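Numbering (the UniProt record's numbering), first residue to last: 1 to 288.
All residues carry an ideal CB built from backbone N, CA and C; glycine is no exception.
The structure displayed is predicted, hence computed values, not measured ones.
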């Protein structure tokens, strides 16, 4: 069944258990893939509706955004919420839980936010600054956020990255060049380069010939213009930042969520899940 246009599948790159037990040649995942011990675990991605002023009141696609939002485990989006009075004299936890319930907020999550901040009642005495801090704490607790700073190859990128880095936790920031990743994947698909998603390196036909492969890995030869584009990309992105950052976004999100890969098998001696000889067919991401 095809996914709706707003949903897609991304792949978290992890080290597969097959490499640890030296059985990579028998690894055949039911979902995703595994190449030389590098496992691609499928993760559903959701493209939420964009926001406009008044979206929290249902304007534009505001309601759709809020509905999409509550299904997410991690975000690249910040939601601003207000509410400083407590007309019904409910507890702070009950009041905020009611306001945050549309985002999947439970009493336990709200209580953890307030405990972490050391806030006490009454709500009517909270300042605007305190409300903003509560919202930030709730988002951090319910929706771990990765800041994907795209277009790092742009001339003005450095100064803007520095500004953002001063305001956000560096552990939540990933530097990206999405257009570079798309370009490299297209070249790899067309047979011009050998490239593994998320890697710092790529190989051209000439590179492989220099390494002793007379056929150059069967890759096509690039003209001078294409060769220069690849060299510029290597200098401006890969060598400078270590990767295009696209694959690293999912890796960072998994880290913030505390996810670890688990490989369920039926036979702990052969690592198989059935009558066949294939190993580690399944991989499940679970919280620590």
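Item, Value
"One or two residues paired with residue 11 in a DSSP bridge", "42"
"Integer Cβ distance of residue 9 from residue 42, believed to fall under 8 angstroms", "5 angstroms"
"DSSP three-state assignment for residue 81, whether helix, strand or coil", "Legend: pLDDT at residue 81 = 22, less than 50; position of this residue unreliable, value from coordinates given subsequently. Reduced to three states, the DSSP call for residue 81 is coil."
"Burial state of residue 303, where buried means 16 or more other Cβ atoms lie within 10 Å", "Given that the chain is displayed from residue 1 to residue 288, the structure contains no residue 303 and the question cannot be resolved."
"Residue 24 in three-state terms, based on DSSP", "helix"
"Cross-strand partners of residue 239 (DSSP beta bridge)", "Residue 239 pairs with nothing; no bridge assigned."
"Sufficient close CB pairs (3 or more, under 8 angstroms) joining the segment 150 to 162 to the segment 185 to 201", "no"
"Exposure of residue 181, with buried meaning 16 or more beta-carbon neighbours within 10 Å", "buried"
"Bounding residues of the alpha helix (DSSP H) (the contiguous stretch that carries residue 166)", "157 to 167"
"Buried/exposed call for residue 248, threshold 16 Cβ in 10 Å", "buried"
"Inter-residue spacing [alpha-carbon to alpha-carbon] between residue 96 and residue 36", "Its pLDDT being 41, under 50, residue 96 is placed unreliably in this model, and the value from its coordinates should be taken loosely. Distance between the alpha carbons of residue 96 and residue 36 is about 49 angstroms."
"Buried versus exposed call for residue 134 [16 or more other C-beta atoms within 10 Å across all chains shown]", "buried"
"For residue 243 and residue 197, the rounded distance between their alpha carbons", "9 angstroms"
"Cβ contact check for the segment 210 to 229 and the segment 262 to 282: 3 or more pairs under 8 angstroms", "no"
"Helix, strand or coil at residue 183 [DSSP, three-state]", "helix"
"Span of the alpha helix (DSSP H), counted from its first residue to its last, around residue 207", "205 to 210"
"Interface flag, residue 246 vs chain C, CB-CB below 8 angstroms", "Absent from the structure is chain C; it holds one protein chain and no more."
"Beta-carbon proximity list for residue 176, same chain, < 7 angstroms, skipping 5 on both sides", "148, 149, 150, 152, 244, 245, 246, 249"
"Nonlocal neighbours in the same chain, by C-beta distance under 7 angstroms from residue 287, ignoring five residues either side", "257, 258, 259"
"Residue span of the beta strand (DSSP E) that contains residue 249, given as start and end", "From DSSP, residue 249 is part of no beta strand (DSSP E) but of the alpha helix (DSSP H) over 246 to 257."
"For residue 238, the nearest candidate out of 21, 227, 200 (CA to CA)", "200"
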